[in-house]
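Visitor: Pasting a structure here, questions to come.
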Amino acid sequence: MTGSIYSDFLADGANIVTIISAVAGAGLILWRWWRPRPPEPGE
Numbered sequence: 012m013t014g015s016i017y018s019d020f021l022a023d024g025a026n027i028v029t030i031i032s033a034v035a036g037a038g039l040i041l042w043r044w045w046r047p048r049p050p051e052p053g054e
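Every letter in the sequence shown is one number past the one before it in our numbering, and letter 32, counting from 1, is 43.
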C-alpha cells in the first residue's frame, strides 16, 4: 500500500515538474520578448 501511493506520488510529481518547467520556460521566453530589459533590483 505504501509503495503504491509512493510510486503514484512520484509519477504525479514528475508530471507536475515537467509541466511547471515547460510553462516557466515559455513564460520566461515571453517575458524576455515582451520586456527586453527587465527592471533590475537595486542592491
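Positions of the beta carbon are idealized from the N, C-alpha and C atoms, including for glycine.
This one's a predicted model, so the numbers in the text were calculated from it and none came from an experiment.
Can you give the Cα-Cα distance for residue 17 and residue 24, rounded to whole angstroms?
Guide: 10 Å
Visitor: By DSSP, does residue 53 sit in helix, in strand, or in coil?
Guide: coil
Visitor: Taking only three categories from DSSP, how would you classify residue 46?
Guide: Residue 46 falls in the coil class under three-state DSSP.
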